[in-house]
Amino acid sequence: MNKSFDLFKDRELAKKLFSHIKSKVSHFSNLKIMEFCGTHTHNIFQYGFRYAFQPNLKFIAGPGCPVCVTSDNELAEAFWLLEKRGVGVITYGDLLKVPYNGKSLFDYRSEGFSIEIVYSAIDALSIAKKKSDKEWVFLGVGFETTIPATSALLDLVVRTGIKNLSVISFHKNTKSIISALGSLGELRVDGILLPGHVSAVVGWQYFNDINAFGIPSVVVGFEPLDILYGIKELIDMIEKGERGIKCAYKRAVQEEGNRKMLDSINKFFDVTDCNWRGLGNIKNGGFEIKPEYSIYNARKRYKIENIEVLSKQNQCLCGDVLIGKIEPIECPSFDVLCNPDAPLGPCMVSHEGTCLAYYKWSRING
Ligand code: SF4
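Numbering-wise, the numbering used here puts 330 at position 290 of the sequence shown, and it's gapless, one number per residue.
Structure (structure tokens):
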């Protein structure tokens, strides 16, 4: 293991932070903190923090799982491209098992449709070059963390002039969703743990809109001490009645973000309205490829419009889980009809999904 990361797992320091938090939260009866990010949800479970401060402090999982918030509208677009345009689809593995209308990309692949999995967006280029007898569409999924990778792919597509590869953007804007949750009155929490990896790209000032809702927030990293330190900072803010945003992950996050990555996003993408699972159409909720690159935009190339989106086919309550309205264990299908081998919704599929976190870690820690 990398020694430098051992520093962020130091047991004695963890004990000190843990005791500090425990003693501070004992003065409160029902504090609620939302961790926005799905990776935080899993890590808070994995390191045993989720139940460690109850009943005084409860963690509420937020909508920060990009595969989970990919909407049925977007899945319908992907399925339509396969069925009606006969193109091949390239994407990240997590999306493959997400069901829509009783079917997933994985099912399509079993039926012989061309679907390739990549770990990095730019690998789509070599697939399209190697299998040049077919047209390919890369499905760009994720928050601001993965958009620079899609930008890098678009840059290569433009520079190489490759004809049989285009991109469809399912990318989501984290800033908009926090504002949307606040405006909808769904942010009934005392504090927010903000995502460290998104913040490393966009900077912590990006989330300034939260100030309108008067909820203290802290940008947090992902190692055990990062998370404990972030919780400590947040609890200290709540105790003092402080508002605003603090950064507890300064080794990776600058206030203004990463200029190079922001430039790469701004070069290829415009912020646009976008459909999120569980929240519907969100103003400025996503990123669309700029008009000057529309020949590389699969929505334009294949004239995708007005695709019929079938109404909900099962009892999945992912939408409510994603906005923290219910916990997965309150879903009647949890571990009854729905499990990682037979998921009814994306929250049980994605490695950042809240239902998967409860399924996996409750059994180990619970
Ligand atoms: S447990 Fe399954 S059915 Fe219930 S909300 Fe989660 S993914 Fe959907």
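All residues carry an ideal CB built from backbone N, CA and C; glycine is no exception.
No experiment lies behind these values; they were computed from the predicted model shown.
Should residue i be labelled buried (16 or more other beta-carbon atoms within 10 Å of its own) or exposed?
i       : result
Trp-401 : buried
His-67  : exposed
Ser-59  : exposed
Asn-83  : buried
Arg-291 : exposed
Leu-47  : exposed
Whole angstroms is fine: what's the gap from residue i's alpha carbon to residue j's?
i       : j       : result
Ile-410 : Ala-92  : One cannot answer for residue 410 here, as it falls past the ends of the chain, which runs 41 to 406.
Asn-206 : Gly-261 : The identity of residue 206 in the sequence shown is Ser, whereas the question assumes Asn. Computed Cα separation, rounded: 34 Å.
His-49  : Glu-263 : Residue 49 is actually Lys in this sequence, not His. Going by the C-alpha atoms only, they are around 7 Å apart.
Ala-397 : Lys-300 : 33 Å
Leu-302 : Leu-377 : 42 Å
Thr-312 : Ile-217 : 12 Å
Leu-193 : Phe-99  : 37 Å
Asn-298 : Gly-243 : 7 Å
Leu-121 : Thr-214 : 27 Å
Gln-94  : Phe-308 : 45 Å
Ala-189 : Ser-166 : 15 Å
Ser-160 : Leu-179 : 12 Å
Lys-55  : Thr-79  : 22 Å
Gly-326 : Pro-106 : 11 Å
Ser-111 : Asp-163 : 25 Å
For residue i, which residues does DSSP report across the bridge?
i       : result
Cys-287 : Val-259
Trp-176 : Gly-128, Leu-205
Ile-232 : Met-74, Ser-257
Val-311 : Phe-327
Glu-156 : Ile-130
Tyr-140 : Lys-143
Quick check on the DSSP output: the alpha helix (DSSP H) that includes residue i runs from which residue to which?
i       : result
Lys-64  : 51-65
Ala-220 : 214-223
Leu-196 : 187-200
Ile-278 : 264-280
Pro-106 : 106-109
Ile-162 : Segment: none, Ile-162 is in no alpha helix (DSSP H) and carries neither H nor E.
Short of 6 Å in beta carbon distance, which residues of its chain neighbour residue i, apart from the five on each side in sequence? Order them along the chain.
i       : result
Gly-320 : none
Met-41  : A caution first: Met-41 carries a pLDDT of 44, below 50, which makes its placement in the model too unreliable to give a value.
Excluding five sequence neighbours on each side, which residues of the same chain lie with their C-beta closer than 8 Å to the C-beta of residue i?
i       : result
Leu-227 : Met-74, Ile-218, Leu-221, Phe-253, Ile-255
Any Cβ of chain D within less than 9 Å of the Cβ of residue i?
i       : result
Leu-136 : Absent here is chain D; the protein component of the structure consists of one chain.
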